[in-house]
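Take a look at the structure below.
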Amino acid sequence: AGAAMVARALWALLAALRAGWCLLPQSGYLHPDEFFQAPEVMAGDILNLQVYYPWEFLSNSPCRTVVFPLMTSGVTYWVIKSLQQLDICSSCINSYTLLVSPRLLFTIFSFILDYSIYRLAPFWGADPWKALVLLAGSYVTLVFYTRTFTNTLEGLLFALLMVLVSSRKSSGRLAEPTSSSLLGVITTAGFFNRPTFLAFALMPLLYWASLIVDSQKSIKTLINDCLKFILCACFTAFVFITADTFYFTSVSLDNLYSTNKSSLIDVIIQLHDKMVVTPFNFLSYNLNPHNLALHGSHPRVTHFTVNGVMLFGILHILAIGAGFKMLKKYVHQLMLVRWCCRGLPGLLVHSEGSPILLLFYFVPLAFLSLFSHQEPRFLIPLILPLVLFSASPSRAVKWKLLIVLFNLLGALLFGCLHQGGLIPCLFHLEQLIHSPASSSHPQHYTLLFAHTYMPPRSLLNIKKTDVHVEVIDMAGAGEETLCQTVEQRASNFTCSNCHIFIIIPGTVRATITKCDVSFKNETLIFPHLSMEDPPQIPVLSSGNWRSQLGLYILELNRDH
């Protein structure tokens, strides 16, 4: 009882940290997708801000559904816009609310994971509070699940799927009849969010199917369950396709009404020609190895050997160890019983919880390993089966200290340091651009970003109609290109109220000083760690370490 009380207090503390750190806000910048797959697009559509629309949302072949961005970032931006229009607050829309409001919604949603663990732990024979502490203490929950990634939504939908397939009534019979309809909705919604969701949904759905077959229900009930699943899946797909078609094409209800002189068949043909099915565009793009290579190719074992360890540390390694042990145990059984016919359902239903949890963990991992583009965040949904597996009473967590240190390091690295200067830098520039001085005398700003991740333009809070701010993203441009651009800008530097700022990590600052220009007013934002241009260890140990772990905002000197 004492241990449970401690665990409860610890979970409450970690839950408060999750919410508080979101509001602080977290300065680390994990990957451009956390901005460019939802908040950035919605800020352009709903708040009419200057943004960068990524290729996935371009209307010729869009790869991302707009339903989830609208339901998440879209809703939060609509709320802050309404608050401002109602004069409840004069400047509701600023870089802080633009960053934090969608994240706060995701952070609230992240507690779906905690709820799922609490519901699932007794079913899978895990200790609920031990599992909750493992979940809430993981830096994956603290950092990744509080960000606006499609992977975060994928994890939450996977959690709901697991809750639905694992809920039994006390009599041991199968769960409420609604589950098959809900399973259809969640599976399809997950597929439209990220087509890779099918890899995660496969095991829960097989498990559900095996439970239904085992429940000695009549064939009529079985068909009924399957029909409900299929009908709800089709209805959900229809909703997503309709929403995406209206959003990405010129089709509108007015257009359709104007064709009422023509027959219904013409309307259907018109809709069919313009119909947008984003997951198919996503799959046709990603199944082309040439396209995947553009985003980076990795060895097929990266998820198993690197990403799993990077996200989950010792828990991933222990799961692999347990997996090999169980594999040995079952090889004999599988040789006796053919896998395809009766082996799998038998294995699923009649064995104790752990082997199945391992399948819930390793089957999606294996499917995701088939693709050459392998990023750590693709695996974040797997935290749920892994935590349930690791928290079973038979598995004493011997590695407490290692787990704590690992997650502290992960939270520090990804929550604070990784590209950590870029968001504070955008906050600083937003205040500068909107300062009273620049409001009274129109100023022109050129912001040149070099060797940083893509800056989310929306955080600068500039209206589309405002032409006074120009953002140039030089990405990882070489010294020659960089100097050429900066010198060219400097030579055209004629107007008296023009400002040119160059934003560059401390590790690359030396390259810009070689250019034939001079700077004034430099601002150092600390900390900022760029993995693409890492600091040199000898320099870090010298007195110059702050500049190596910082991001510079340099203003071009006009009197050069």
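Numbers -22 to -1, 1 to 538, taken from mature numbering (1 follows the signal peptide of the UniProt record, and there is no 0), label the letters of the sequence shown in order. Just so it is clear, CB atoms sit at the ideal spot from N, CA and C, and this is done for glycine as well.
For residue i, the residue or residues it bridges with in DSSP
i      : result
Ile450 : Leu426
Phe479 : Leu425, Glu533
Phe497 : Leu534
Ile503 : Leu529
Leu27  : Lys441
Close Cβ partners of residue i (< 6 Å) along its chain, the five nearest in sequence each way excluded
i           : result
Gln28       : Arg435, Ile440, Lys442
Ser157      : Leu142
Asp105      : Ala369, Pro371
Tyr117      : Asn385, Gly388, Ala389
Gly521      : none
Met181      : Leu337, Phe338, Val341
Ser144      : Leu98, Phe101
Gln397      : Tyr7, Tyr431
Leu360      : Tyr339
Leu379      : none
Gly133      : Ile358, Pro359
Pro17       : Ser51, Pro80, Thr126
residue 548 : The displayed coordinates of the chain run from -22 to 538. Any statement about residue 548 would go beyond what the structure contains.
Within 8 Å, strictly: CB atoms of residue i and residue j
i      : j       : result
His506 : Pro483  : yes
Cys41  : Asn269  : no
Val382 : Leu112  : no
Val44  : Ala297  : no
Thr50  : Pro80   : yes
Leu529 : Cys403  : yes
Ala468 : Leu534  : yes
Asp203 : Ile190  : yes
Phe504 : Pro342  : no
Leu91  : Leu348  : no
Thr280 : Lys252  : no
Gly301 : His294  : no
Gly168 : Phe207  : no
Ile478 : Thr130  : no
Thr54  : Ser88   : no
Leu76  : Cys(-1) : no
Thr256 : Phe170  : yes
Arg172 : Thr85   : no
Ala137 : Thr166  : no
Pro354 : Leu305  : no
Ala215 : Ala114  : no
Thr199 : Gln4    : no
Nearest residue (CA-CA) to residue i, options the options
i           : options                         : result
Leu425      : Arg373, Gly399, Ile481, Phe392  : Ile481
Gly456      : Thr75, Ile490, Asn475, Ala99    : Ile490
Ser332      : Leu98, Leu272, Leu91            : Leu98
Pro277      : Leu346, Leu460, Arg536          : Leu346
Ala344      : Ser60, Phe367, Phe282           : Phe282
Thr126      : Val78, Leu161, Thr165           : Val78
Pro512      : Thr463, Ala468, His429, Ser496  : His429
Asn470      : Ser496, Gln311, Val217, Arg536  : Arg536
Val217      : Ile164, Ile243, Gln194, Tyr93   : Ile164
Cys473      : Thr227, Tyr431, Arg487, His422  : His422
Leu532      : Arg524, Val495, Leu2            : Val495
His273      : Tyr30, Phe46, His9              : His9
Met20       : Gly133, Val57, Thr199           : Val57
Ile515      : Thr501, Ile411, Asn499, Thr485  : Thr485
Phe35       : Lys306, Phe46, Gln15, Lys59     : Gln15
Pro267      : His351, Ser188, Tyr225, Lys307  : His351
residue 543 : Gly22, Ser39, Ala(-8), Ala(-11) : A question about residue 543 goes unanswered here, because the residues of the chain that appear run from -22 up to 538.
Leu139      : Val121, Leu110, Ser94, Gly22    : Ser94
Trp(-12)    : Ala109, Asp444, Val245          : Ala109
Same chain, Cβ closer than 8 Å to residue i, five either side skipped, listed in chain order
i      : result
Glu408 : Asn72, Ser73, Leu437, Leu438, Asn439
Pro420 : His446, Asn475
Leu265 : none
Cys493 : Leu460, Cys461, Val464, Glu465
Glu500 : Tyr530, Ile531, Leu532, Glu533
Own chain residues within Cβ distance below 7 Å of residue i, not counting five before or after
i        : result
Pro433   : Leu400, Leu404, Phe427, Val449, Asp451
Arg(-15) : Trp107
Gly454   : His429, Glu510
Ile24    : Gly52, Tyr55, Trp56, Lys59
Contact test: residue i Cβ vs the ligand SAH heavy atom, cutoff 7 Å
i      : result
Arg172 : Absence of the ligand SAH from the depicted structure is noted, as is the absence of any ligand whatsoever, leaving it without description.
Going residue by residue through the stretch 346 to 397, where are the continuous alpha helix (DSSP H) segments of at least 4 residues, counting only ones entirely within it?
361 to 368, 378 to 390
Taking only runs of the alpha helix (DSSP H) that begin and end inside the stretch 47 to 75, which ones reach a length of at least 4 residues, in chain order?
53 to 63
Residue ranges of each alpha helix (DSSP H) within the stretch 92 to 176, 4 or longer
106 to 115, 128 to 144, 157 to 171
Whole alpha helix (DSSP H) runs in the stretch 177 to 227 with 4 or more residues, listed along the chain?
197 to 226
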